[in-house]
Every structure is written in structure tokens, then in C-alpha cells.
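A.B. asks:
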Amino acid sequence: MPNLEIHKAISKHRTGEDYEKLHKWMDEATAYLGYNHRLERHFYTQEYKNYIEKEWDKKAVVEWLFHIALDNMETASKFAKEAYSKAYEEINICFDKNGEVVKCEFTKVHPNSKGSTIWSKETD
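Numbering (the numbering used here), first residue to last: 50 to 173.
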């Protein structure tokens with residue numbers, strides 16, 4: 050999973066704030082659950098959403114969800130490298146004005162070749 054510094058840097062880039070306390074709160078269970086810390090605070094509930102919004106703000110709710118998504122994308126990437134001989138190293142996800150996924154581009158980057166495949170809502 051991405052470390053605290055990566056989560057902070059991404060939040061800072063997106064919002065202007067690093068949300069260090071939020072990211073630390075999310076990963077507190079690492080001390081006693083290790084990798085399984087994601088069993089706590091790493092899934093959506095209205096209770097978590099309300100707590101985060103009250104403790105921080107609405108932007109923090111978004112950063113919480115991006116933290117979860119990034120952790121899971123990194124895990125999926127690692128599993129993909131085990132499952133496929135040539136896993137995708139770049140994934141671009143595009144959303145429409147309503148926030149729905151409309152396009153995913155998966156790119157393989159290797160020293161001798163580069164290939165990509167694109168899924169689009171329009172071509173599905």
C-alpha cells in the first residue's frame with residue numbers, strides 16, 4: 050500500500066492540504082493488524098463519512114475515499130503482476146460530468162514495447 054508520505058503528497062496536490070491526521074487515523078490499525086488494517090476505516094459507511102466530515106471537512110471525505118481507492122489499486126496491480134505475465138503499469142480512468150466511469154485505458158510499459166487497451170462506455 051502507498052505509505053503516509055505518498056497519501057499526503059497526493060492530497061496536497063489535489064486539495065492544497067496534506068490531510069496528514071486523516072491518513073494517520075485511517076492507518077492506525079496497522080500497529081496491531083498489519084496488512085489487515087484495511088479491515089478498519091477502509092470501506093464506505095455513512096458513519097465513517099459523517100465522522101470524517103465532522104472531524105475534518107467535506108474535502109476530507111473525498112481524500113478518505115481516494116486513500117481507499119489508491120490502496121486497492123496498488124494491491125490490484127501487485128496481484129495482476131502475479132496473475133499475468135505482463136501486467137499493466139499505467140491505468141487512466143476517465144469520468145463524465147456526473148462522476149461516472151466512461152473510459153479506462155490500461156497501458157503496458159516495457160523497455161522494448163508499449164501497448165495499451167482502452168475500454169470505453171461508448172464502445173461497450
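Ideal placement from N, C-alpha and C gives every residue a C-beta, glycine not left out.
Give the straight-line distance between the Cα atoms of residue 108 and residue 143, rounded to the nearest whole angstrom.
C.D. replies: If you take the alpha carbons of residue 108 and residue 143, they lie about 20 Å apart.
A.B. asks: The alpha helix (DSSP H) that contains residue 131, what's its start and end?
C.D. replies: First-last of the alpha helix (DSSP H) with residue 131: 107-132.
A.B. asks: Just confirm the distance between the C-beta atoms of residue 61 and residue 67, as a whole number of angstroms; I'd bet it's less than 8 Å.
C.D. replies: Yes, they are in contact, since the Cβ atoms of residue 61 and residue 67 sit about 4 Å apart, within 8 Å.
A.B. asks: I'd like the list of long-range same chain contacts for residue 119, defined as Cβ closer than 6 Å, with 5 residues on each side in sequence excluded.
C.D. replies: Cβ neighbours of residue 119 beyond the five flanking positions: 51.
A.B. asks: Identify the residues that DSSP records as bridge partners of residue 154: which are they?
C.D. replies: Per DSSP, 141, 167.
A.B. asks: Could one say the Cβ of residue 81 lies closer than 7 Å to chain C's Cβ atoms, at least one of them?
C.D. replies: Looking for chain C here will not work: only one protein chain is present.
A.B. asks: Could you tell me the distance, in whole angstroms, from the CA atom of residue 64 to the CA atom of residue 75?
C.D. replies: Taking the straight line joining both Cα atoms gives about 18 Å.
A.B. asks: Going by DSSP, what residue range makes up the alpha helix (DSSP H) through residue 81?
C.D. replies: Counting along the chain, the alpha helix (DSSP H) containing residue 81 begins and ends at 79-82.
A.B. asks: Hey, quick one: how far does the alpha helix (DSSP H) through residue 64 stretch, first residue to last?
C.D. replies: Where residue 64 is concerned, the enclosing alpha helix (DSSP H) stretches over 53-64.
A.B. asks: For residue 91, which three-state DSSP category applies?
C.D. replies: Looking at residue 91 - three-state DSSP - the assignment turns out to be coil, as it is neither helix nor strand.
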